[in-house]
Each structure stands twice: as C-alpha cells, then as structure tokens.
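Chemist: The structure's right below; bear with me while I get my questions together.
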Amino acid sequence: MQCHDPRRIADSYLGDELLVETNHEVIAHLESCPSCRGELAARRDLRVKLRQAILNAPELQMRPEFAAKLRVQLQAHAERKNLFGMFNGRAVWLAAAACLVIAGAFALRVVQNRRTLTTASQKIADVRRGNSTKKESSPPFGIDTGVASRAVLFGVSETAAGDHQNCAVKFRLEQQPIDIKTAGREYDPAYIGLTNAALQGVRELADQVTFVEAHSCVFETRRFGHIILKHQGRLVSVLVTALDRSSDLSAESTESSKNVDQIVTACPSVGGYQISCFKTNSHAVFVISDIPERGNSAIARALAAPVYEHLARTERHA
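So the mapping is simple: my numbering equals the position in the sequence shown, first residue as 1, plus 2.
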C-alpha cells in the first residue's frame, strides 16, 4: 500500500467503513509511515472539532419555548395512553410466566451442554497426554459422539482461523506454501482432487463465488490444504487438515452419514471471522471468512457434500 492509498480512503478508515483486510493493510502502512500517521491524526482531530462545533452552534440549539411546549405535549400523551391498559392483566402475567419457563429451560440446556462439552474436552486431553490406554470402539469415553466431534473441531478452529488471517488475508507464514497436488503426494493424498471437489460444490454459487488459488500451507505446525475463494469481493478460506488418531472420536462410518447437510456446524468465531466446520473420520474442514454467518454457512453447506465424499473415499482407500 502506497501513501496515496490511505489518504484516498482516510475518511472511510476513520468512520470504520472498510473491509477487514483493507483495514489491516492501512494499519500496517501507518505503523511504518510517520507522515501518513501524522496526517491521519490531524484529520481525526479536525473531524472531532468540526463535530463539536456543529453540536454547539447556537443556531442549532433547541429554543426554550419549543422545549417547554414539547414537554407538555409528551406528558399529556403519556397520561392519556397507559401502556399497560393495552393488555389484559391476566394475559400479561401468563406471558411473563411463559417467558420465565422458556428462559429456565434454555439455561438448563446450556448448562448441560457445557458440562458434557467440558467432560469431552477433558477426556480428549487425557488421551493426548497418554493417560488413557484403552481404545474404545463405539462410542469412546461413553459420551455423545456429536459433542465429542464438536470438541475436536472447536480445538482446531482457532488454528484454522490463524491460517486464514496469516495466509489468505495477510501473508505472514514462516514456511512458503507448496502446490496442493505436491502436498497430496508427499503428506496427505486427500489433498489430491480436493480443489475440484470444493469447486464442484460452489458451482451453484458461481455468480457470487470465484476461485482465487489452492495450495498447502503450515500454521503453528499444522498442515492445511488451503483453497481460497472470493465471495462478492471478500476472501473465503476452505481449510482441510488431517486429525490426529487420538482426536478421532466420531468412530462413524461414512455410509452412516447420509444427510451430509446435517454435519455442518458453526464453530465459535475467532478474531471477527465466521467459521463453519465439519469432519470426517480423519479430517476436519473449516470455511472461514468475515462475511455474515448466514453467507459463510451457505458456502460451507454448498461444498460439504462433494468435499465430504472426496475425503471419505480417500480415507477408505488409505
């Protein structure tokens, strides 16, 4: 980014109107350019002073007689129309009681899910530390496999978001990416054909989604197959990574997952990025972007079936 770029979009930057990646580029430029940093600070001060001058201008202040008249009118209106007179008293109490029951049931459900997820996470940690020596076949640890799968996905999602930020948005990786087919031959055969599977899934969104590039990269020692798309100008990462055998908690057969659409779930957002994810027996898939959750999820669901089938087929022949 050159000096003329931040100056051209300075007002949009000060008004928080830029896309996330553009905003990061401006910040990076300001960190290394004292001249632009000083000019932007001066413009910010000018905006503040101009705003204060307009707010405090005498000709824009409310006239006392108008304020008094408005106060009288509002008080009279409030006295004539009592809000509680619009409802039957019994109906109000019934509605309040129903809300309390619903809120209580929701709170109980949240507590139960947290306890189950905490138990699953503790069990996973025990396995990784080598504290568990018995490999159970179905389902492991005696916990719900759906909760266990989510625990695995949530554990990897933060690393996936870091790869999106430091590879797709702003390249800061220690290792240079390699060709995804080369990575398929050297590291994980699931990467071979992965790009075609993902593009087949988003074909129905071709008017909104375009292909940028595909490669394999490493972030925090974890290798990903990385397919970069653009959705209406915004970057979208499709990241596929192999799971450790100790993390394979689902123990599900690929044939048992008939409705692939149901396997897509929303991982917690990281750094403002929306994350949709799903897993097979041996791989986790993440779709990450800064577009709204509904749009990000739509892309994930569009490519879920062909990507899932591709990974499952590769795993069967491994």
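Note that beta-carbon positions come from the ideal geometry of N, C-alpha and C, so glycine has one too.
Bear in mind the structure is a predicted one, so any value in this text is a computation, not a measurement.
1. Just list the residues that DSSP pairs Cys279 with in beta bridges.
2. Quick check: the region 159 to 171 against the region 270 to 289, are there 3 or more CB pairs under 8 angstroms?
3. Closest to Lys35 by CA distance: which of Ala59, Arg9, Ser278, Glu23 is it?
4. Quick one: using the 10 Å Cβ neighbour count with 16 as the cut-off for buried, is Arg53 buried or exposed?
5. Measuring only the C-alpha atoms, how far is Phe143 from Arg205?
6. Are Leu245 and Val238 closer than 8 angstroms when you measure CB to CB?
7. Would you mind working out which of Gln234, Cys38, Thr282 sits nearest Gly297, comparing C-alpha positions?
8. Got a sec? Which residues, its chain only, sit under 7 angstroms from Ala199 by beta carbon, not counting five neighbours each side?
9. Please go through the same chain and pick out, in chain order, the residues whose beta-carbon is closer than 8 angstroms to the beta-carbon of Thr267, but skip the five residues on each side of it.
10. Starting from Cys219 and walking both ways along the beta strand (DSSP E), at which residues does that stretch end?
11. DSSP three-state label for His228, please.
12. Can you pull the DSSP bridge partners for His31?
13. Since Ile229 contacts Leu207 with CB under 8 angstroms, what's their CB separation in whole angstroms?
14. With a Cβ-Cβ cutoff of 8 angstroms, do Leu16 and Arg45 count as a contact?
15. Across which residues does DSSP place Ile180 in a beta bridge pair?
16. Given that a residue counts as buried once 16 or more other Cβ atoms are within 10 Å of its Cβ, and exposed if not, what is Arg174?
17. What whole-angstrom Cβ distance do Val158 and Thr243 have, given they're in contact under 8 angstroms?
18. Can you tell me where the alpha helix (DSSP H) with Ala43 in it begins and where it stops?
19. For Ala12, I'd like the list of residues in its chain whose CB is within less than 7 angstroms of its CB, leaving aside the five on either flank, ordered along the chain.
20. What number of angstroms, rounded off, separates the C-alpha of Ser14 from the C-alpha of Asp7?
21. Reducing DSSP to helix, strand and coil, say where Leu241 ends up.
22. By DSSP's criteria, Val272 is part of a beta bridge. Which residues make up the other side?
23. Please state the DSSP three-state secondary structure of Arg236.
24. How would you write the range of the alpha helix (DSSP H) that Gln202 sits in, first residue to last?
25. Please identify the residue among Asn168, Cys219, Phe213, Leu305 whose C-alpha is closest to the C-alpha of Tyr189.
26. Taking 8 angstroms as the cut-off, decide whether the C-beta atoms of Leu305 and Gly203 are in contact.
27. Cα-Cα, which of Arg224, Ala192, Glu295 is closest to Thr282?
28. One question on the structure: do Ser291 and Arg236 come within less than 8 angstroms of each other, judged by their Cβ atoms?
29. Going by DSSP, what residue range makes up the alpha helix (DSSP H) through His6?
30. Alpha carbon to alpha carbon, how far is Ser37 from Cys5?
31. Measure the C-alpha to C-alpha separation of Lys325 and Glu27 and round it to an integer number of angstroms.
32. Mind checking whether His31 and Met64 have CB atoms under 8 angstroms apart?
33. In whole angstroms, give me the CA-to-CA distance for Gln210 and Asn25.
Modeler: To lay it out plainly:
1. Looking at the DSSP assignment, Cys279 forms a beta bridge with Thr267, Phe288.
2. Contact holds: three or more Cβ-Cβ distances are below 8 angstroms.
3. Here residue 35 turns out to be Cys, not Lys, going by the sequence shown. Nearest in C-alpha terms to Cys35, of all of Ala59, Arg9, Ser278, Glu23, is Arg9.
4. By the neighbour-count criterion, in which a residue is buried when 16 or more other Cβ atoms sit within 10 angstroms of its Cβ, Arg53 is exposed.
5. Residue placement at Phe143 is flagged as unreliable, the pLDDT there being 34, under the threshold of 50; the coordinate-derived value follows with that caveat. The alpha-carbon atoms of Phe143 and Arg205 are separated by roughly 40 angstroms.
6. No.
7. Answer by Cα proximity: Gln234.
8. Residues Pro308, Val309, His312 of the same chain have their beta carbon placed closer than 7 angstroms to that of Ala199, with the five preceding and five following residues left out of the count.
9. Correct list, in chain order: Arg152, Leu155, Ser278, Cys279, Phe280.
10. That run of the beta strand (DSSP E) goes 211 to 221.
11. Three-state result, His228: strand.
12. Within the DSSP bridge table, the entry for His31 names no partner.
13. Not a contact, Cβ separation roughly 14 angstroms.
14. It is a contact, given that the beta carbons lie within the stated cut-off.
15. Paired residue(s): Ser218.
16. With fewer than 16 other Cβ atoms from the protein chains shown falling within 10 Å of its own Cβ, Arg174 counts as exposed.
17. Yes, Val158 and Thr243 are in contact; Cβ-Cβ is about 7 angstroms, under 8 angstroms.
18. Counting along the chain, the alpha helix (DSSP H) containing Ala43 begins and ends at 36 to 57.
19. Taken in chain order, the residues that qualify are Leu42, Arg45.
20. Approximately 12 angstroms between the Cα atoms of the pair.
21. Three-state DSSP puts Leu241 in a strand.
22. Per DSSP, Tyr275.
23. DSSP places Arg236 in strand when its eight states are reduced to three.
24. Residues 196 to 203.
25. Measuring from the Cα of Tyr189, the nearest candidate turns out to be Cys219.
26. Yes.
27. Comparing Cα-Cα distances from Thr282 to each of Arg224, Ala192, Glu295, the minimum goes to Ala192.
28. A contact, by the Cβ cut-off of 8 angstroms.
29. That run of the alpha helix (DSSP H) goes 6 to 10.
30. Ser37 and Cys5 have their C-alpha atoms spaced approximately 9 angstroms apart.
31. Since the displayed the chain opens at 3 and closes at 320, residue 325 lies outside it and no answer follows.
32. Cβ atoms of His31 and Met64: not closer than 8 angstroms.
33. Those two C-alpha atoms are separated by around 23 angstroms.
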